[in-house]
Each structure stands twice: as structure tokens, then as C-alpha cells.
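**Student:** Supplied in C-alpha cells, the structure appears directly below.
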Amino acid sequence: MTVAFLSLAMCVTAITVTPAAADPVGECTATKGAIVAVDFGPFGGEVERGCDTTPTTGYELLHEAGFTTEGTQHDGPAFICRIGLGPGTQYPTTDQESCVLTPPATAYWSYWLAAPGRNTWTYSQYGAMDRKPKDGDVDAWVFGGTDIGGTTGKPTFTPDEVRAQGGTETPDPGNTPTVAPGTIDLTAAARWVGSVLDDGERVVDDGADTPDYLLTTEAAYALAAADGDSATLDKVTAFLAAHTADYAYPSGPDQAPDATAAARLALVAEATQGDPRDVGGHDLIAGLADHVCTTGPTTPGCTAPGDFRHVSYGDGQALAVLALLQADAVPPAASVERLTQLQCEDGGVTSILIRPGENCDGDPATTGLVALALREAGGQDTAVAKARTYLKKAQSGNGSFPGYTGATTGSVHATAYAAQALSALGDTAQADAAVSWLSREQLDGGGFGFEEGATDPALYATSPAVLAGAGTDLVRLTTKAPEPTDPPTTGPPTTQPPATGPARPAGEGPDLEKGVAYLTGAANLRQGQYYATGAGSSRADFGLTIDGAYALAATGLNNDKLRGIVDFLDKGGKDGEGRTLRDWTGTGTAYALGGSLGKAALLAEAVGRDPRSFGGQDLVAALAKAVCAGPSQAPDRSCAAKGAYTYAPSVFSQSLAVMAQLRADEKAAAQEPIAYLESLQHTSGAWPSLIPATGDSDVDSTAVAAMALDLAGGEKADKAVDRALAWIAGKQLPDGGFPGAAGNSVNSAALAVQGLSLDAERYGPEIAMALTFLAGQQNSDGGFNVAEEGQRGSDLRASTQAVGGATGISFGTLERSLTGTTPQPTPTPGASTPTIITPGESTGGTGGIVDTAGGGSGGGALASTGVQIAALIGFAALLVGAGWRVVVVGRRRASTEGRT
């Protein structure tokens with residue numbers, strides 16, 4: 100085994116990994132193993148496919164199927180820059196792409212997924228190393244480019260064209276789960292809901308001064324379903340009516356209402372025998388009907404024609420349609436049609452307000468709610484039938500439903516809405532199985548958590564579970580006593596389960612001590628100095644290491660460990676492969692990375708070190724030199740525009756560099772970068788993720804840009820910050836999280852907390868909800884999941900952001916003195932650099948969709964031996980200070996939502 104060293108400007112290593120002997124494609128079936136297909140068409144080749152009968156990660160699937168890969172020199176082997184077949188040529192070739200830095204967003208290997216039974220591709224929300232394939236899955240790699248939503252650049256072939264045995268042997272999804280009967284204790288649930296109400300009338304997040312109106316409506320629904328007409332419900336509805344203007348008309352009574360809020364209040368009134376045309380003096384039905392979008396994004400608050408103004412997600416659109424129907428009003432045909440536009444090919448409905456042609460990935464909760472709305476609207480039998488089929492396919496054998504595509508555990512929220520829909524559609528056996536599963540998830544205190552096995556109750560999960568358990572839904576929910584035509588149903592058990600004590604107060608936030616212990620544990624922080632790119636690797640992930648230092652600086656809970664990281668970097672940061680901080684920043688080379696320079700300088704400034712002499716570099720001078728005088732000309736992609744920084748392809752990197760210059764008192768040098776950052780802001784207040792801008796709007800980028808402009812100050816910057824924070828607050832999800840590349844994202848929630856904390860007095864309730872969300876994503880080891888609907892298990896990159904972000908301290912004002920700390924012991928150098936085979940090259944390609952084993956000719960032949968490299972390859976170090984969005988959203992090749 101050998102290692103190939105390339106003598107390039109940055110003096111780093113390009114590593115090519117050979118595949119293991121591939122399993123013959125015939126060994127994989129629709130229920131065993133996974134298939135991966137690579138399209139070499141842009142290079143004159145064919146679509147080649149391979150099989151792995153025991154897939155572990157998407158990265159291993161690619162290699163076990165017979166393909167080779169090469170990473171970038173800057174980021175390591177996990178950022179896939181080239182792919183080859185067996186011993187054949189890897190593409191793009193060295194004359195087409197140097198693979199020194201991350202490839203451009205228009206020419207890279209994009210990653211696509213298809214679950215069993217699905218014949219459409221989904222743009223991967225995870226990097227190949229984080230992706231956990233299941234039996235029957237199909238992966239695809241396509242060279243070219245795509246946008247943030249994955250609406251362009253899809254494979255030209257369908258999953259069934261490359262699936263094992265043509266995709267014909269999919270498991271029969273129509274079998275009814277066989278589970279023991281179970282009922283939900285409605286009395287205990289109602290008691291728990293009442294216990295979370297302040298003054299018996301409203302939900303207020305801990306630490307907040309204003310009510311959480313959304314959760315208060317959820318409490319009303321639950322109480323109506325469990326208790327019927329009651330004094331507590333009367334107090335809640337009276338409170339909501341008195342605060343209708345605050346909740347539904349935040350822009351004023353003469354403006355369009357927040358459609359989701361208006362619909363929720365209208366449904367409360369309709370369920371409790373009130374008048375939705377007179378709630379707190381507001382005609383909510385007219386407010387909805389009179390403010391329906393006739394155009395797309397050119398009108399504020401609109402995504403497409405038929406949207407209700409200011410509705411943010413598909414569930415809000417469905418609630419508004421239901422509110423009109425329950426009031427005997429006819430919803431606009433375009434609004435009902437809009438719901439059908441959210442339906443994917445497999446019948447699922449996405450929560451995102453996509454436009455026709457955009458990537459569609461449904462979930463059971465949204466599908467259930469939309470199916471109820473379409474059934475009630477009438478005339479949508481085809482769409483309802485498709486939704487019904489999707490739900491029956493999605494149900495697990497234990498009766499539960501996953502929260503998202505690919506989830507392996509049940510979601511209370513999803514199972515509850517699916518049960519409601521199936522019950523209304525007449526699929527009582529499936530609905531009863533779902534309710535039985537829910538009954539087993541009910542906690543001792545009466546509430547429900549979000550996920551299977553959760554121990555902390557949440558109102559947003561409890562409310563729909565109560566409706567499902569009561570055999571009702573938002574269409575049928577009413578406090579009116581039924582006529583006694585049917586025999587009475589069996590009531591809830593008279594013996595209640597014992598209470599377990601108070602639940603975690605809303606808004607309390609994550610346990611930062613446990614979080615810091617996770618970040619500083621020996622298993623993560625190598626030799627007390629840096630985080631590595633993965634298990635078994637001695638290569639430092641400098642970007643992640645600085646993220647960890649930021650988190651430790653923000654909390655102040657282990658300053659000695661913080662000093663160990665800072666001293667390591669300040670002394671040059673030489674890792675186990677001999678790479679240094681200078682290699683990572685590119686100082687003195689043709690590849691100076693403005694975002695990396697800014698990120699390192701910002702850390703030095705935060706801990707009282709001199710950024711003009713840190714890590715053997717004058718980071719401030721290098722940063723000033725990295726300011727672009729104008730856009731570079733192709734093929735040079737170093738500068739996006741005047742005021743950008745060299746090789747800083749994201750708003751995140753631009754913002755960090757701006758803050759570093761300002762904190763170094765380089766205000767004059769920062770003026771053009773500040774002006775460029777300001778120019779990237781959308782009229783909505785949001786910022787895009789990538790530079791040059793791609794038209795998307797991103798919570799993470801908006802938060803960090805707001806931090807930078809808040810530090811810059813001035814009337815123009817202050818107005819930009821105000822607009823940014825308002826936009827961020829408007830993107831908050833009902834459970835307190837925020838949307839990111841991997842779904843309901845920990846990274847995004849943490850950065851939103853930092854951004855909104857710039858005006859904590861105004862956004863206290865949103866901050867408290869986000870902290871509650873983060874607390875719910877913290878695991879027993881102190882680390883954090885990547886996302887609410889993501890794969891379970893602590894992720895180091897997400898954990899650094901969660902711990903630091905939860906403090907609410909801006910990167911622009913972060914300070915932590917190291918005075919009084921103890922220098923950490925200097926460790927003895929560890930294991931040597933791993934040796935990895937670099938195979939020779941040969942030509943390949945045979946035509947058609949080609950299997951990587953089992954005969955074939957030409958390039959279809961595989962190397963007979965290979966190297967199992969799972970222990971040698973880790974998470975990729977992402978590019979430039981932006982970067983989780985740069986790579987995960989823009990290209991998603993490395994670990995999910997990481998930032999350099």
C-alpha cells in the first residue's frame with residue numbers, strides 16, 4: 100500500500116481509494132442489499148451500477164459496489180471530487196478539475212436517493228458518510244450541477260431502471276399491522292394539557308413574557324377532544340379570542356392575516372360552537388378568503404397562485420381550506436388545487452410549499468392532514484386515493500408511521516395525523532393499529548413525546564394524539580354533545596397511571612455542561628488539541644476544531660480545554676499527517692481561503708490572542724489581501740464579485756471574514772466586503788446560502804449575516820438586521836426548530852438563537868421555543884442529533900453549533916479570557932499516516948446501464964481485490980467558513996451541516 104503525495108501549492112495529499120470486490124448485482128433484490136448507479140455520460144461513458152448486500156453507509160456502498168473515489172486536497176477523501184469504475188480512469192480528470200478545493204456548484208458529483216418502492220429521486224440531505232442505506236434502496240451519483248431544492252440536475256434514468264430486478268419485487272405495503280388493541284387515556288392527557296397552561300388559559304414558554312399562541316390552539320384542540328365542553332376550555336378560547344389581533348394580525352387589522360394563525364383560531368371557534376366570523380372582533384373567514392395569492396413570489400407572502408397570504412407550510416394551507424369549509428364557505432378552487440400540487444408521485448404530500456416541478460418528498464403527517472382537507476373539499480378523489488395508498492404503505496408493522504422518508508422509528512405526530520386520516524377514510528384496522536401504538540407511547544403523566552421512546556412530553560405531539568385517540572380529527576372535532584343514537588363508547592380507565600413528576604420546563608434549553616463534556620471527551624477531542632476528520636484518522640478538521648473552540652468560549656465551562664485547542668492552533672496546528680493551520684487557510688498560496696482566514700482570526704480575537712501573529716500567520720494582512728477587487732474570469736473562480744473574499748463561496752464565509760476584519764479594527768478594509776454582503780440580502784430580509792447567490796433563502800446564512808451587520812452598525816445595517824430577524828422568526832417551525840438542509844435542523848435552530856438574541860427582548864418567545872427544541876435533540880451522551888427527523892445519534896459538528904448557539908452569543912461579540920488557565924500537556928505524536936493504495940488508470944465503459952460485476956467487458960471489469968477503508972475515512976472537513984450550506988445544501992458530499 101502506498102500514499103501518493105502531490106507537489107501543489109498547498110502541499111497536501113490527494114487520496115484515491117480502491118473498491119473492495121463488488122457483490123454481483125444479482126445478489127441484491129428488492130428486499131436485500133442496496134444498488135448504486137454512477138452516470139459517466141458527461142465523460143462519454145455509460146450508467147454503471149453496483150450492489151452491496153450489506154450496506155452500512157452511502158460511502159461504503161459506492162466502494163463496495165466497485166467504484167473508486169478521490170477527495171479534494173483541502174477537505175480530504177470524504178468530499179468526493181472524482182469517481183472511477185474499478186481500475187479505470189477517474190472523472191473529472193486532472194485537466195478538467197484540480198480537486199484542490201471544493202468543485203464549483205455547477206460541476207460536481209451530486210448525490211441522489213430513492214427508497215424502496217419509489218420511482219423518483221430525492222436530492223440527498225446527507226453526505227455519503229452520514230447516509231445509512233436500507234435494503235431495497237437505490238443511490239445515484241450524477242456529474243453536473245443542481246440548485247438548493249434539487250429541482251435540476253436529476254438523474255436521466257429512473258430508480259426502477261437501475262433497481263435490483265427492475266424494482267418489481269417491492270414488499271407488499273398493504274398488509275394491515277397485527278398489534279394488540281390499545282386505547283389512549285384521554286383523561287390523563289387532558290389533565291397533562293391543563294397542567295402546562297399558565298393561569299389555566301394559555302401556554303407561555305419558560306423565560307418568555309408573551310404567550311405561545313400556536314401551542315395554545317393545540318391545547319384547545321386537545322381539551323375539546325378529550326373533555327368536550329369544560330371550564331378550562333372556555334378560559335382558553337376566551338384568551339385566544341382576546342388576543343386574536345396579536346396572533347392573527349401581526350401587521351395590523353387592515354393587513355392580510357397570518358393565514359395559519361387565522362385558520363387555527365377559526366377552527367377553535369368552529370369546534371367550540373363559536374363564530375369564526377367574529378373572533379375577538381375579527382372576521383377570520385373573510386380574512387382568509389379575501390387574501391388568496393393570484394401570483395407567485397412577486398407578491399409578498401406568496402409562493403404560488405392559490406396560496407393563502409403568509410401561509411408558510413403545507414399544513415397551514417390545509418388548515419385554511421378546512422377553516423373555510425367548516426364555516427360553510429367555499430374555498431377558492433386555486434387554494435384546493437394548490438394542495439394537490441404538493442402531492443408527490445408516490446401519493447405523499449410535502450410540507451414545503453413547492454412549485455410545480457420542484458423536488459417533492461412527502462411525510463405522513465402532512466399527507467394525513469391534507470387528505471382530510473381534500474376529502475372534505477370534494478372532487479379530489481384521485482388525490483385522496485393516492486394519499487390513502489401512500490399512508491397504508493408507510494405504516495410500520497407495529498402500527499406507527501415514520502416522521503420522514505427513511506426514518507426507522509415511529510413519530511407520534513405523524514402517526515396521530517395518519518390515524519385521523521385513515522379513520523376518516525374507513526381504514527379502521529390501520530387506524531386502530533396506529534392508535535394502539537400511540538397508546539404505548541403515552542407517558543405516565545398523560546402527555547406524549549415527539550418520537551418513539553421519548554421521555555419528555557410535548558404539547559405539539561400530544562394534541563393530535565389525543566384527537567386520534569378520541570376517534571376524531573379537525574374536520575369532526577366538536578364540543579357539541581352527540582345525539583344518543585349509538586351505544587356509548589367505553590370510557591377511559593378509571594385507574595390513572597402514576598405521575599412521574601414535572602416535565603422539563605419549556606424553553607429551559609439543553610444541558611450545556613453535558614454538551615461541553617461531549618465536546619471535550621477524549622473520544623472526540625484528539626489529544627486535547629483538535630477534532631479529526633473521522634474515526635482512525637489523524638487528519639485535523641481545522642474548521643470543526645474552531646467551531647468547538649467557539650462553543651467552549653461561549654459557555655466558559657472548560658477554559659483549560661479551550662486553551663489546549665487555542666495553543667495547538669497558535670503554535671501552527673500540525674496534525675498527525677503533518678498538515679498545519681497554514682495549509683488549511685492557504686496563506687501565501689494561490690488558494691488563500693478568505694472564509695478560513697476569517698474564521699481563524701475571529702477565534703484569535705475572541706480569546707485575546709493576536710490575529711496578526713496566530714498560527715505563524717498574519718491573518719489580518721492575509722484577509723485584507725483576500726478582498727476581491729472584482730469578479731475573476733473563468734476558469735479562475737477565486738472571486739465572485741468586488742468585495743467578496745477569495746475562495747469564499749458562501750454568505751457564511753463572507754460574514755465571518757467581515758466580523759474578523761471589524762474586530763481587528765480594519766473598518767476601512769471591511770467596507771467593500773460589508774457592501775457586498777448587504778447587496779446579497781433579499782427583499783424578504785433573508786440571505787442566500789451560496790456566493791454567487793442562487794436565489795434560495797437560508798436561516799443559517801441569514802443569522803450569521805445579521806451578526807456581521809450588527810457588528811458593523813449604522814442605519815442601513817441596522818435596518819437590514821431588523822428585516823433579517825423578522826424573517827428568521829417567521830421561519831420557526833411549530834416545535835421550535837428551524838428548517839435546514841437536513842430537515843428540522845439543530846444547526847439552524849442554534850444559529851437562529853444566536854441571530855434572534857441580537858434583539859432578545861423582541862424575540863424572547865421564539866428563542867425559548869428554539870432552546871426547547873435543542874434540548875429535545877440532546878442525547879444522553881451530551882451530544883446532539885443532526886435534525887429532528889434525521890438519523891439518531893450524536894453528531895460532533897451539530898453539537899459544536901448547538902452548544903455555542905444555545906448561549907445566544909454572537910460571533911461578533913464572543914469573548915473569553917484565557918487568563919488563569921493551565922497550559923495543557925503536549926502529547927507525544929501518535930500513529931503514523933495511514934497508507935492507502937493508489938491504483939493505476941485504465942479506460943472503461945461498455946454502453947447502456949452496466950453492472951460492476953458478473954461478466955461484462957471493457958471498463959465493466961473490476962479489480963479483484965481492494966481495501967476496506969471504513970476505519971480510515973472520516974467526516975470531511977468542509978470548505979471555508981460557510982460551509983455547511985456550501986457543501987451540504989449546495990453539494991452535500993461531506994458530513995451534514997458542517998461548517999469550516
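Just so you know, we're using the numbering used here here: the sequence shown kicks off at 100 and counts up by one.
Here a beta-carbon is modelled for each residue, glycine too, at the ideal position from N, C-alpha and C.
Are three or more beta carbon pairs between the segment 897-906 and the segment 638-656 nearer than 8 Å?
**Tutor:** They touch, by the three-pair rule.
**Student:** Measure the beta-carbon distance from A517 to G467 and round it to whole angstroms, keeping in mind my assumption that it falls under 8 Å.
**Tutor:** Position 418 of the sequence shown, counted from the first residue, corresponds to residue 517. Position 368 of the sequence shown, counted from the first residue, corresponds to residue 467. 4 Å between Cβ atoms; contact.
**Student:** Quick check on E914: buried or exposed, where buried means 16 or more other Cβ atoms within 10 Å of its Cβ?
**Tutor:** The residue you call residue 914 lines up with position 815 of the sequence shown. Label assigned to E914: exposed.
**Student:** To the nearest angstrom, how far is the alpha carbon of S538 from that of T871?
**Tutor:** Against the sequence shown, residue 538 aligns to sequence position 439. Against the sequence shown, residue 871 aligns to sequence position 772. Their backbone Cα atoms lie some 24 Å apart in a straight line.
**Student:** Between the beta-carbon of G408 and the beta-carbon of A358, is there less than 8 Å?
**Tutor:** As a first step, residue 408 is located in the sequence shown; it is residue number 309 there, counting from the start. As a first step, residue 358 is located in the sequence shown; it is residue number 259 there, counting from the start. Position check: residue 408 holds Arg in this sequence, whereas Gly was assumed. Yes; because the gap between Cβ atoms is below 8 Å, this pair is in contact.
**Student:** Do Q614 and V278 have their CB atoms nearer than 8 Å?
**Tutor:** Position 515 of the sequence shown holds residue 614. Position 179 of the sequence shown holds residue 278. The displayed chain sequence assigns Gly, not Gln, to residue 614. No, the pair does not count as a contact, with Cβ atoms beyond the cut-off.
**Student:** Reducing DSSP to helix, strand and coil, say where S856 ends up.
**Tutor:** Against the sequence shown, residue 856 aligns to sequence position 757. Helix, per DSSP.
**Student:** Go through the segment 710-734 residue by residue and report every complete run of the alpha helix (DSSP H) that reaches 4 residues or more, in order.
**Tutor:** Taking only runs of at least 4 residues, the alpha helix (DSSP H) segments lying wholly in the segment 710-734 are 718-724.
**Student:** Given a cut-off of 8 Å, decide if G165 and R1016 are closer than it, judged by their beta-carbon atoms.
**Tutor:** Because the chain in this structure spans residues 100 to 999, residue 1016 falls outside the shown range and cannot be described.
**Student:** Do Y744 and A756 come within 8 Å of each other at the CB atom, strictly closer than that value?
**Tutor:** Translated into positions along the sequence shown, residue 756 becomes position 657. Translated into positions along the sequence shown, residue 744 becomes position 645. The answer is yes: Cβ separation under 8 Å.
**Student:** My guess is that V469 and A523 are in contact by the Cβ rule of under 8 Å, so how many angstroms apart are they, rounded?
**Tutor:** By one-based count along the sequence shown, residue 469 stands at place 370. By one-based count along the sequence shown, residue 523 stands at place 424. Going by Cβ atoms, the distance from V469 to A523 rounds to 12 Å, so no, they are not a contact pair.
**Student:** Quick check on the DSSP output: what are the complete beta strand (DSSP E) runs of length 3 or more inside the segment 151-209, in order along the chain?
**Tutor:** Listed in chain order, they are 166-171, 175-184.
**Student:** Does the contact criterion of 3 or more C-beta pairs under 8 Å hold for the segment 622-631 versus the segment 659-672?
**Tutor:** The segment 622-631, when compared against the segment 659-672, does touch it at the 8 Å Cβ threshold.
**Student:** Any idea if D353 is buried or exposed, counting beta-carbon neighbours within 10 angstroms, 16 or more meaning buried?
**Tutor:** Here residue 353 corresponds to residue number 254 of the sequence shown, with the count starting at 1. Result: exposed.
**Student:** What is the residue span of the alpha helix (DSSP H) that S434 lies within?
**Tutor:** By 1-based counting over the sequence shown, the position of residue 434 is 335. 432-440 is the extent of the alpha helix (DSSP H) around S434.
**Student:** With the cut-off set at 8 Å, would you say V565 and A288 are in Cβ contact?
**Tutor:** Walking along the sequence shown from the start, residue 565 turns up at place 466. Walking along the sequence shown from the start, residue 288 turns up at place 189. Yes, these two residues count as a Cβ contact at 8 Å.
**Student:** If you draw a straight line from the C-alpha of S411 to the C-alpha of T193, how long is it?
**Tutor:** Position 312 of the sequence shown, counted from the first residue, corresponds to residue 411. Position 94 of the sequence shown, counted from the first residue, corresponds to residue 193. Taking the straight line from one Cα to the other gives about 45 Å.
**Student:** Measure the alpha-carbon distance for N657 versus T688 and round it to whole angstroms.
**Tutor:** As a working note, residue 657 is residue 558 in the sequence shown. As a working note, residue 688 is residue 589 in the sequence shown. Those two C-alpha atoms are separated by around 35 Å.
**Student:** Beta-carbon separation of E317 and S562 under 8 Å?
**Tutor:** Counted from its first residue, the sequence shown places residue 317 at position 218. Counted from its first residue, the sequence shown places residue 562 at position 463. Yes, the pair counts as a contact, with Cβ atoms nearer than the cut-off.
**Student:** Quick one: residues in its chain with C-beta nearer than 7 Å to the C-beta of P587, no 5 flanking neighbours on either side, listed in chain order?
**Tutor:** Working through the sequence shown from its first residue, we reach residue 587 at position 488. Annotation note: pLDDT 44 at P587 (below 50); position unreliable, coordinate value reported separately. Same-chain partners within the cutoff: there are none.
**Student:** Using the rule of at least 16 other Cβ atoms within 10 Å of the residue's Cβ for burial, across every protein chain shown, is S916 buried or exposed?
**Tutor:** Numbered from 1 along the sequence shown, position 817 holds the residue referred to as residue 916. Exposed is the call here.
**Student:** Mapping the DSSP letters down to three states, classify H1001 as helix, strand or coil.
**Tutor:** No information on residue 1001 is available, as it lies outside the stretch 100 to 999 that the chain covers here.
**Student:** Can you tell me which residues form a DSSP beta bridge with Q877?
**Tutor:** Here the question's residue 877 lines up with position 778 in the sequence shown. According to DSSP, Q877 bridges with F883.
**Student:** Examine the ligand FAD and report whether any of its heavy atoms sits within less than 7 Å of the Cβ of G633.
**Tutor:** With respect to the ligand FAD, the structure shown offers nothing to examine, as it has no ligands at all.
**Student:** Across the segment 366-374 and the segment 389-408, are there enough close Cβ pairs to call them in contact, namely three or more that are closer than 8 Å?
**Tutor:** Segments in contact, no.
**Student:** Go ahead and label E676 buried or exposed: buried means 16 or more other beta carbons lie within 10 angstroms of its beta carbon, across all protein chains shown.
**Tutor:** Here residue 676 is taken as the residue at index 577 of the sequence shown, counted from 1. By the 10 Å Cβ count, E676 comes out buried.
**Student:** Using beta-carbon positions only, say whether G863 and I827 come within less than 8 Å of one another.
**Tutor:** If you number the sequence shown from 1, residue 863 lands on position 764. If you number the sequence shown from 1, residue 827 lands on position 728. No. Outside cutoff.
**Student:** With the cut-off set at 8 Å, would you say A214 and T504 are in Cβ contact?
**Tutor:** In the sequence shown, residue 214 corresponds to position 115, counting from 1. In the sequence shown, residue 504 corresponds to position 405, counting from 1. In this structure, T504 lies closer than 8 Å to A214 by Cβ.
**Student:** Locate the alpha helix (DSSP H) running through G647, then write down its first and last residues.
**Tutor:** In the sequence shown, counting from the first residue as 1, residue 647 sits at position 548. From DSSP, the alpha helix (DSSP H) with G647 extends over 641-654.
**Student:** What do you get for P501, buried or exposed, if any count of 16 or more other CB atoms within 10 angstroms of its CB means buried?
**Tutor:** Within the sequence shown, residue 501 is the residue found at index 402, counting from 1. With 16 or more Cβ atoms within 10 Å of its Cβ, P501 is classed as buried.
**Student:** When the Cα atoms are used, what is the spatial distance from F837 to G187?
**Tutor:** One-based indexing of the sequence shown puts residue 837 at position 738. One-based indexing of the sequence shown puts residue 187 at position 88. Between F837 and G187, the C-alpha separation is close to 44 Å.
**Student:** State the CB to CB distance for the pair L212 and S223, rounded to an integer number of angstroms; the pair is presumed to be in contact (CB under 8 Å).
**Tutor:** Reading the sequence shown from its first residue, position 113 is the one you call residue 212. Reading the sequence shown from its first residue, position 124 is the one you call residue 223. Going by Cβ atoms, the distance from L212 to S223 rounds to 5 Å, so yes, they are a contact pair.
**Student:** Measuring alpha carbon to alpha carbon, tell me which residue in A848, T171, D797 is nearest V1024.
**Tutor:** Because residue 1024 is not part of the residues shown, which for the chain are 100 to 999, the question remains open.
**Student:** Apply the 10 Å Cβ neighbour rule to E765 and answer buried if 16 or more other Cβ atoms are within range, or exposed otherwise.
**Tutor:** Position 666 of the sequence shown, counting from 1, holds the residue named residue 765. Result: buried.
**Student:** Skipping 5 residues on each side, what residues in its chain have a beta carbon closer than 6 Å to that of T309?
**Tutor:** For the purposes of this step, residue 309 is taken as the residue at position 210 of the sequence shown. Correct list, in chain order: P864.
**Student:** Under three-state DSSP, which class holds D526?
**Tutor:** To locate residue 526, count along the sequence shown from 1; it is residue 427. In this structure, D526 counts as coil in the three-state DSSP scheme.
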